[in-house]
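First the structure, in the form of structure tokens, and then the observations on it.
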Amino acid sequence: MQPIPLPSHIHYELLLQLLERQTSHAVRANAIEYEQVNQLIATLRKALTLQKRLENDCDRHGISFEYRWSLNENDADAPPRYHS
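So the mapping is simple: this note's numbering equals the position in the sequence shown, first residue as 1, plus 5.
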């Protein structure tokens, strides 16, 4: 069985930093948009937590997975990504 492709954690971290440092400050005067940004941040944090749970389950069951840095499987610039 081929490794399960998963996004690298850095993808979540970059999105969270952008939303927390820039987007939330840009909309802080608008209560509705500010709340939507906060909900988006919470959703991304939950997605990262769920992915980590999946990774732990894969480790426990001996299922390998790999972090993907892009949609291109032949990304030569990507660091090693296999995990089992």
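Glycine included, every Cβ here is placed at the ideal spot set by N, Cα and C.
Cα-Cα separation between residue i and residue j, rounded to whole angstroms
i	j	result
Ser13	Ala34	33 Å
Ala81	Arg73	Legend: pLDDT at Ala81 = 47, less than 50; position of this residue unreliable, value from coordinates given subsequently. So the two alpha carbons sit approximately 12 Å from each other.
Arg26	Leu55	23 Å
His30	Gln44	15 Å
CB of residue i within 8 Å of CB of residue j, strictly
i	j	result
Ile37	Leu21	no
Val42	Leu24	yes
DSSP three-state assignment for residue i, whether helix, strand or coil
i	result
Gln50	In the sequence as displayed, the identity of residue 50 is Arg instead of Gln. Correct three-state label for Arg50: helix.
Ile37	helix
Leu59	helix
Leu76	coil
Inter-residue CB distance, residue i and residue j (contact presumed, cutoff 8 Å)
i	j	result
Glu71	Pro10	6 Å
Beta-bridge pairing of residue i - partner residues as DSSP gives them
i	result
Ile68	In the DSSP output, where bridge partners are listed per residue, Ile68 has none listed.
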